[in-house]
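Chemist: Just so it is clear: in the sequence shown, position 70 is 134 by the numbering used here, and no numbers are missing. Using N, Cα and C, we set each Cβ at its ideal position, and we do this for glycine too. Everything numeric in this text was worked out from a predicted model, so none of it was measured. This structure is in structure tokens; I'll ask about it shortly.
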Amino acid sequence: MNAMAEAVNGLFKTELIRRRGPWRTVEQGELATLEYVWWWNNQRVHGELDMRTPAEVEADYYARLDTPLGTPVPRATR
65 MNAMAEAVNG LFKTELIRRR GPWRTVEQGE LATLEYVWWW NNQRVHGELD
115 MRTPAEVEAD YYARLDTPLG TPVPRATR
């Protein structure tokens with residue numbers, strides 16, 4: 065689990081901190097972090113999630129909970 069957290073931290077630094085920082089205020093840094101988390105969950109595709117976003121995977125999960133077993137459920141789309 066620690067390796068996974070370190071990988072996410074590394075991506076955060078590469079994709080946000082090094083590209084857009086430094087910020088002049090804490091508030092600017094916080095806003096940039098919130099925007100990054102939204103982007104990560106809703107737009108960034110992840111190889112470990114079969115090239116889908118976390119939001120798509122979550123939508124599929126809840127769709128399957130509401131569907132009788134054995135019924136095919138279409139995947140969430142972008």
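Along the chain, where does the alpha helix (DSSP H) that runs through G93 open and close?
Modeler: Run containing G93: 90-106, per the alpha helix (DSSP H) assignment.
Chemist: So who's on the other strand from R116, going by DSSP bridges?
Modeler: Paired residues: H110.
Chemist: Going by C-alpha distance, which of M68, L80, Q107, E120 is nearest E94?
Modeler: It is L80.
Chemist: How many Å lie between D114 and V121 at the Cα?
Modeler: Spanning the two alpha carbons is a distance of roughly 9 Å.
Chemist: Going straight from the alpha carbon of D103 to that of T117, what length do you get?
Modeler: Residue identity differs from the one stated: residue 103 is Trp in this sequence, not Asp. Using only the alpha carbons, I get a separation of about 9 Å.
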